[in-house]
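Asker: The structure that follows is given in the form of structure tokens.
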Amino acid sequence: MAATSLLEVGIMLAAIAIGGSVASRLGQSVIPFYVVTGILVGPEALGRLTALHVSSGEFVEVLAELGIVFLLFFLGLEFSLDRLLANRQRITAAGTVDLLINFPVGVLIGLALGWSLTEAMFLGGIVYISSSAVITKSLIDLGWIANDESDPMLGTLVFEDLAIAVYLTLMSAVVLDSGDLADVLTDLVVAMGFLLALLAVAHYGTSLVERLVAAETQELRLLRSAAVTVLAGGIALELGVSEAVAAFFVGMAVGSTSDSDAVEHLLMPIRDLFAAVFFFWIGLETDPAALVATAGLLALLVALTTPTKLVSGYLGGRSYDLDARRSFRVGAGMVTRGEFSLVIATLAAAGGTEVLRDTIPSVTVGYVLVMSVLGTTLMQYSDAVWDRLPAP
Amino acid sequence: MAVYESDLPGVGKKFEIDLNDESQLVVVIHNTGKRELFLRPEPNADSEKLFELSDKLARQVGTIMEGAYFQPIQTDTIETVISEDSLIEWVKLTDDSPVAGRTLRDARIRQETGASIIAVQRGDETITNPAPDTELRPDDTLVAVGSREEHDELQAYVTG
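Chains H and E supply the protein sequences, listed in that same order.
Counted the way the numbering used here counts, the first sequence spans residues 1 to 392.
Counted the way the numbering used here counts, the second sequence spans residues 1 to 160.
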């Protein structure tokens, strides 16, 4: 694999910056735009016209991995077990409905296509998980954050966060191991052990974590917290555990220390940079031809999994005692899929079968592009849509 | 009055404050420090965004509303409070002011009103600690120090 030149990195950053600017000019989420930017300046589009394009080298891939790690680190940082427990009845009700309606639909679609259970499970995860980043931003932009519908939406997202951590643990044990069932089980035990240890540190070792990240200067605090996060992710990957989940738990651990706010402030620009590269890299890895080839499957997914989120969100809103209109808004808001579907697809791509390597990543890119635009638009016009629905 | 506090995971905190009528004031404090204020006219209505403030500005406005930022004084002129009963005020002379055209000594301002003239502003120039033979002209602004009553006397005396 060719080394990545500084010029390529420059082109990459410029392209991402332009993509982001276009997105904000259009009032859309940046995520699909970063992905499309990646497709456009990658080897399959710009690369066919000119030698000057960004090729998917190891360097960009490592940056993208850092993006995953920091995305999940922030998810953990914001995630509060106490909050989940304090509000557990409502969050569990809304979250369980969300899981039980959306996840099986994806699995069933996969099985109906004749895929293996593992492949179908990946599809289940991809259509299940809503986009925290995009939905939260839309909530703020639309001013819904001050309304009652923000509670079930954010509550469900918290539930999904925990579900995705468990899910990634299971799936990475399955994928990162090509051996027989016994090997998978051993790996699962190692993975669970490692994660339980991290969880124990997160919960009981607050003072230890505090000592690890606390430092006199901003510079040292930044370096230490970044080091702890990336190291934990790296070790996890070596052990056959999802680096994303490890980062999630490190985030949780740091989130319970008194340095939480300072670390969040320091690492936010780093997350924004690497996460943008991650979405860009997804585009870079995507062959537009493969995207076209999966158009049929994409249409099927969009047609089937938009209504499921509308229904599960509606029921979730109802379980928070919201009226019908507001509950519909919750459903409309949850339609958006984004960063975590892409993280799952990235994990799938490490698998051995053709479906895991090619079909799932391609269809997920298309799916996230469609769902993030469709979801934000649906949210904007949810009241108009609701008015047109036949009265129940 | 009831205040409801709730967490907004990934965003910050939300406070809902019952106002005297049916309406609610909703304050969203973002993790970034930004504050957004919303008004919800009635319990089932949508929140209408009023405005947003930066962290620093929100703190200043907060202390003003608390009454701690400064003590408001009922006044319709510019004044600066030095201590409880002495303040600095500005008074502008007009063409028909009885002191216009006289020197500071002849005008007998301190003897008549009790207020002391500490400076005279004339156009862009400021004469600080004016001498007794400084001539007062129309359009001069006198800067005086004294009690509130003395300032009232001064105002009446120089405007005639």
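All residues carry an ideal CB built from backbone N, CA and C; glycine is no exception.
1) Identify which residue in E/52, E/14, E/152 has its Cα closest to the Cα of residue 150 of chain H.
2) Short of 9 Å Cβ to Cβ, which residues in the segment 129-146 of chain H face chain E?
3) Quick check: what's the CA-CA separation for residue 274 of chain H versus residue 61 of chain H?
4) Just tell me which of H/39, H/352, H/285, H/123 has its CA closest to the CA of residue 106 of chain H.
5) Tell me, please, whether the segment 361-376 of chain H touches the segment 128-139 of chain H by the rule of three or more beta-carbon pairs shorter than 8 Å.
6) State yes or no: is the beta carbon of residue 47 of chain E nearer than 7 Å to at least one beta carbon in chain H?
7) Tell me which residues share the same chain as residue 203 of chain H and place their Cβ nearer than 6 Å to its Cβ, disregarding the 5 neighbours each side in the sequence.
8) Look up residue 144 of chain E in the DSSP assignment and give the residues it is bridged to.
9) Would you say residue 55 of chain E reaches chain H, if we count a Cβ-Cβ gap shorter than 7 Å as a contact?
10) Check each residue of the segment 356-370 of chain H: if its Cβ is closer than 8 Å to any Cβ of chain E, include it; give the result in chain order.
11) DSSP state of residue 24 of chain E, grouped into three classes?
12) When you compare the CB of residue 387 of chain H with every CB in chain E, is at least one pair closer than 7 Å?
13) Enumerate in chain order the residues of its own chain whose CB-to-CB distance from residue 188 of chain H is below 6 Å, with the five nearest sequence positions on each side excluded.
14) Can you check the segment 218-283 of chain H for any alpha helix (DSSP H) of at least 4 residues that lies completely inside it and give the ranges in chain order?
15) Whose Cβ in chain E lies nearer than 9 Å to the Cβ of residue 323 of chain H?
16) Out of curiosity, what's the CA-to-CA distance linking residue 267 of chain H and residue 226 of chain H?
17) Counting contacts by CB-CB distance shorter than 7 Å, is residue 9 of chain E in contact with chain H?
18) By the 8 Å beta-carbon criterion, what residues does the segment 46-79 of chain H contribute toward chain E?
19) Please check if any C-beta of chain E sits within less than 7 Å of the C-beta of residue 291 of chain H.
20) Name the two residues that bound the continuous beta strand (DSSP E) containing residue 15 of chain E.
21) Taking CB distances under 7 Å as the criterion, tell me whether residue 3 of chain E reaches chain H.
22) Tell me, please, whether the CB atom of residue 211 of chain H is closer than 7 Å to any CB atom in chain E?
23) For residue 29 of chain E, which residues of its own chain have a beta-carbon under 6 Å away from its beta-carbon, when the five flanking residues on both sides are left out?
24) Does the Cβ of residue 232 of chain H have 16 or more other Cβ atoms within 10 Å, making it buried, or fewer, making it exposed?
25) Just to confirm my understanding: we take residue 345 of chain H, look at its own chain, exclude 5 residues before and 5 after, and list those with CB closer than 7 Å. What are they?
Answerer: In short:
1) Cα-wise, what sits closest to residue 150 of chain H is E/14.
2) So the close ones are 132, 133, 136, 139, 140, 143, 144, 145, 146.
3) CA-to-CA, the gap between residue 274 of chain H and residue 61 of chain H works out to about 10 Å.
4) Between residue 106 of chain H and the set H/39, H/352, H/285, H/123, the nearest pair of CA atoms involves H/123.
5) Result yes; three or more Cβ-Cβ pairs closer than 8 Å.
6) Residue 47 of chain E counts as touching chain H.
7) For residue 203 of chain H, where only same-chain residues beyond five positions count, there are no Cβ hits under 6 Å.
8) Listed as beta-bridge partners of residue 144 of chain E by DSSP are E/89, E/117.
9) Closer than 7 Å: no.
10) Against chain E - using a Cβ distance shorter than 8 Å - the segment 356-370 of chain H contributes no residues.
11) Correct three-state label for residue 24 of chain E: strand.
12) No, no contact with chain E.
13) Counting only Cβ-Cβ distances below 6 Å, and skipping sequence neighbours, we find 173.
14) Counting only runs of 4 or more, we get 218-238, 243-255.
15) Going along chain E in sequence order, the residues near residue 323 of chain H (Cβ under 9 Å) are 44.
16) Rounded to whole angstroms, the gap between the alpha carbons of residue 267 of chain H and residue 226 of chain H is 8 Å.
17) Interface residue, yes.
18) The residues in question are 78, 79.
19) Cβ-Cβ to chain E under 7 Å: no for residue 291 of chain H.
20) 12-18 is the extent of the beta strand (DSSP E) around residue 15 of chain E.
21) Not closer than 7 Å to any Cβ of chain H, the Cβ of residue 3 of chain E fails to qualify, so no.
22) No, residue 211 of chain H lies away from the interface with chain E (no Cβ there is under 7 Å from its Cβ).
23) Hits under 6 Å: 12, 13, 35.
24) Counting Cβ neighbours within 10 Å, residue 232 of chain H comes out buried, since at least 16 surround it.
25) These residues qualify, in order along the chain: 126, 360, 361, 364.
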